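Below is one structure, written out as structure tokens, with a few remarks after it.
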Amino acid sequence: MFLKKSCIYNILIQSLALLVFIPGRFAYALLILLAYNFFILTGTLIRKLILILHLEELQIPISVSTVITSAILFKQFLNLYSPLSSFVLSFALYIAATCSFIVTKLYIPEIDSLKKELTANFTSAGSFTVFGLCFALFRDIFGYGTVSFPCPSGIFELVISRSTAYASGIFWASIPGAVIMLAVTILVYSLIYDKFIILKKVED
Numbered sequence: 022m023f024l025k026k027s028c029i030y031n032i033l034i035q036s037l038a039l040l041v042f043i044p045g046r047f048a049y050a051l052l053i054l055l056a057y058n059f060f061i062l063t064g065t066l067i068r069k070l071i072l073i074l075h076l077e078e079l080q081i082p083i084s085v086s087t088v089i090t091s092a093i094l095f096k097q098f099l100n101l102y103s104p105l106s107s108f109v110l111s112f113a114l115y116i117a118a119t120c121s122f123i124v125t126k127l128y129i130p131e132i133d134s135l136k137k138e139l140t141a142n143f144t145s146a147g148s149f150t151v152f153g154l155c156f157a158l159f160r161d162i163f164g165y166g167t168v169s170f171p172c173p174s175g176i177f178e179l180v181i182s183r184s185t186a187y188a189s190g191i192f193w194a195s196i197p198g199a200v201i202m203l204a205v206t207i208l209v210y211s212l213i214y215d216k217f218i219i220l221k222k223v224e225d
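Under this note's numbering, think of the first position of the sequence shown as 22, with each following residue one higher.
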């Protein structure tokens, strides 16, 4: 099942904001995407609470305050677990909070049922999370020859190879490499999607 182009563009924008500028390590992407989904959850719940309490006129300031508070809380918990990871991702956490606010406020319409709204929000967030993890895994493997995981001291590296072939691939872990890889991925997907739509119309 193909994702719609609007969803792909949403993933592109969020990837540029979240994934490109953090270190090209799977561990850091895992943490930032965990934070992103946490912010999606808190944003959805607070929006539903606002509607229940009929505070629609205060929805924007309350939602913004909740997002900021959630980011601060997550950063403090992360700081307790791994001060180094908290330092590395400090600014990125607030970008993740902003992205989650945009998704829950602008892209997903208000739905009466909390269950349906959570499903809608996490369908979008899930697509981005899966893409983000694959994107980060590629950067980690081909950039450093490792798969890294969060740990209290920072990151734990599962070494795949330290050969010169992987050393030359460090470009993919850099910001320019990440931008190029992201652009190529979206371009290839768009071309495949267009072909799929054409074939589907022909079959119909």
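Beta carbons are placed, not taken as given, at the ideal position from N, Cα and C, and that holds for glycine.
Since the structure is predicted, the reported quantities are computational estimates derived from the model, not experimental observations.
Check                                                                                                                                                                      : Outcome
Measuring alpha carbon to alpha carbon, tell me which residue in Glu178, Ala199, Gln80 and Phe170 is nearest Phe159.                                                       : Ala199
Is the beta carbon of Ile53 closer than 7 Å to that of Ala117?                                                                                                             : yes
Classify Ser195 as helix, strand or coil using the three-state DSSP reduction.                                                                                             : coil
Take the Cβ of Thr150 as the centre, count every other Cβ of all protein chains shown within 10 Å, and call the residue buried at 16 or more, exposed below.               : buried
Distance check for Ile81 and Cys120, CA to CA, integer angstroms please.                                                                                                   : 15 Å
I need the straight-line Cα distance from Pro173 to Glu78, nearest angstrom please.                                                                                        : 43 Å
What three-state label does DSSP hand Leu179 in the structure shown?                                                                                                       : strand
How is the alpha helix (DSSP H) around Phe149 delimited, first residue to last?                                                                                            : Leu135 to Tyr165
Roughly how many angstroms separate the alpha carbons of Val180 and Leu208, rounded to a whole number?                                                                     : 31 Å
Excluding the 5 residues preceding and the 5 following Ala157 in the sequence, name in chain order all residues of the same chain whose CB lies nearer than 6 Å to its CB. : Phe47 and Ala50
Do you know how far the Cα of Leu135 is from the Cα of Leu70?                                                                                                              : 10 Å
Please state whether DSSP places Val85 in a helix, a strand or coil.                                                                                                       : helix
Between Ser36 and Leu212, which are expected to be in contact by the criterion C-beta below 8 Å, what is the C-beta distance as a whole number of angstroms?               : Actually they are not in contact, since the Cβ atoms of Ser36 and Leu212 sit about 18 Å apart, beyond 8 Å.
Quick one: grab the DSSP three-state call for Phe42.                                                                                                                       : coil
Figure out for me which residue from Ile123, Ser111, Ile73 and Lys96 has the closest Cα to the Cα of Phe42.                                                                : Ser111
Using 8 Å for Cβ pairs, my map puts Phe152 next to Ile32. What's the rounded Cβ distance?                                                                                  : 5 Å
If you draw a straight line from the C-alpha of Arg68 to the C-alpha of Leu62, how long is it?                                                                             : 10 Å
How is Pro173 classed by DSSP in three states: helix, strand or coil?                                                                                                      : coil
Is the beta carbon of Ser91 less than 7 Å from the beta carbon of Asn100?                                                                                                  : no
In whole angstroms, give me the CA-to-CA distance for Pro171 and Ile196.                                                                                                   : 21 Å
Grab the span of the alpha helix (DSSP H) containing Ser103 for me, first residue to last.                                                                                 : Ser103 -> no alpha helix (DSSP H), and no H or E assigned at all.
Could you spell out where the alpha helix (DSSP H) holding Leu55 opens and where it closes?                                                                                : Phe47 to Ile73
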